[in-house]
Structure formats: structure tokens, C-alpha cells
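Only one structure is covered here, and it is reproduced in the block below.
Numbering (my numbering), first residue to last: 20 to 123.
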């Protein structure tokens with residue numbers, strides 16, 4: 020399947036090519052997955068049911084399985100093959116997410 024391209028974001032900022040002054044374009048699947056994980060349902064008018072809302076799970080105990088199930092459902096609904104996402108929590112409460120998703 021062909022890759023999807025979009026404006027390149029780094030830390031949610033658009034990057035501009037220093038030589039040409041143009042916006043940089045890059046493969047966007049990873050960015051799209053990250054946006055879907057971060058977004059809460061209702062954030063996107065054109066797809067109100069999309070989004071995991073990962074920030075609601077930050078510092079919550081016993082919710083990693085629920086988060087993994089929702090993450091898998093959302094990514095599969097968006098056309099990704101999501102095989103066993105791995106979600107861990109660091110001692111300071113930060114969620115570490117490896118979605119293991121590829122465009123199907």
C-alpha cells in the first residue's frame with residue numbers, strides 16, 4: 020500500500036525547510052497514529068467518534084488494559100492493523116505506548 024504524506028510536524032510544530040522556506044512534507048502514518056491516540060472523541064467535527072483520549076488515562080491505576088483495548092479499536096476503525104499494542108507506565112506515571120500498528 021502506498022504511503023500517506025502530509026505536512027511534517029515535530030512536537031506539534033510545522034517544520035520549514037531552511038533553504039526553500041517551504042513547509043516540509045513527510046510520511047504521515049506515524050503522526051496520524053499519534054494524533055488519534057492523543058485526541059479525545061469529539062475533537063474532530065468530521066469524525067466525532069474518533070480518538071483515544073490518552074491523557075485521561077495518565078496517572079490512573081488499573082486502566083492499561085482498557086486503554087489498550089480502546090487504542091486497538093480506534094486504530095482498527097481507522098484502517099490500521101494493530102497487533103498487540105504494548106502500554107507501560109513509568110514510575111513517574113508517564114504512559115509509554117507502542118501501538119504496533121501498520122496501515123492495512
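The beta carbon of each residue, even a glycine, is placed where N, CA and C say it ideally should be.
Scanning the region 90-116 for uninterrupted beta strand (DSSP E) segments of 3 residues or longer gives 99-101, 105-108, listed from N- to C-terminal end. The Cβ neighbour count for residue 120, taken over all protein chains shown within 10 Å, is at least 16; the residue is labelled buried.
Excluding sequence positions up to five before and after residue 101, its CB lies within less than 8 Å of the CB of 90, 91, 94, 95, 118, 119, 120, all in the same chain and listed in chain order.
The Cβ atoms of residue 58 and residue 69 lie closer than 8 Å to each other.
Rounded to whole angstroms, residue 74 and residue 115 show a C-alpha spacing of 12 Å.
Secondary structure at residue 71: coil, using DSSP grouped into helix, strand and coil. An exposed status is given to residue 44, since fewer than 16 other beta-carbon atoms sit within 10 Å of its beta-carbon.
By the neighbour-count definition (other C-beta atoms within 10 Å, threshold 16), residue 86 is a buried residue.
Closest in C-alpha terms to residue 51, from the list 76, 99, 113, comes 99.
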